[in-house]
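In this note's numbering, the protein residues as written are 821 to 932. Cβ coordinates follow ideal geometry from the N, Cα and C atoms, glycine included. Have a look at the structure below, then the notes.
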Amino acid sequence: MSDKFFFKGRQTPKPAYGESGYNTKRAAKLGTETLPLNLSVQTEARKIEVAAMVAEKQLFANITIDTDKPENIIDLSGILNKPKTVSFEAKPNRNDACPCGSGKKYKKCCGA
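Structure (structure tokens):
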């Protein structure tokens, strides 16, 4: 028998998914088919606007019209205004060519 869990004549059971780091109880992502956004607007025209925004981002939502309550699209605005990752350009090494285009080494030009 060539099993990696085989040692001295006995076979040890394979670890369960939970022990190996596989997430079996993952929550559904908001805005998907299994967990749609619940949005509330006051007018039919606004419902059409919000539905267009939802369709553009390929999300799923339940949009209700309620003239008595204020508009509630907080979940949608949170998804649409997700912060972007900021990346910086790497600083050149001393002996690399200078990025200004002078043809000199960085240490002799802009790095001095």
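As a quick exercise: from the options, pick the residue whose alpha carbon is nearest that of residue i.
i	options	result
THR887	PHE880, VAL906, THR905 and ARG866	ARG866
PRO856	ALA871, LYS845, GLN862 and THR863	ALA871
PRO890	LEU896, LYS924, VAL861 and LYS925	VAL861
PRO885	ILE868, ASP895, SER897 and ILE894	The residue you asked about is not Pro; residue 885 is Ile in the sequence shown. For ILE885, the nearest C-alpha among the options comes from ILE868.
Return the CA-CA distance between residue i and residue j, expressed in angstroms with no decimal places.
i	j	result
ASN892	VAL874	14 Å
GLU864	GLY921	58 Å
ALA971	VAL906	As shown, the chain starts at 821 and ends at 932. That puts residue 971 outside it, with no answer to give.
ASN843	CYS929	53 Å
ILE883	PHE908	40 Å
LYS911	PRO919	10 Å
Just confirm the distance between the C-beta atoms of residue i and residue j, as a whole number of angstroms; I'd bet it's less than 8 Å.
i	j	result
ALA917	LYS904	No, ALA917 and LYS904 are not in contact; Cβ-Cβ is about 30 Å, not under 8 Å.
LEU859	LEU896	6 Å
LYS927	ARG914	4 Å
Say the cut is 8 Å; is the CB of residue i nearer than that to a heavy atom of the ligand PLP?
i	result
ASN843	Absent from the structure shown: the ligand PLP. Ligands present: none.
At least three beta-carbon pairs within less than 8 Å, the stretch 845–855 to the stretch 875–895:
yes
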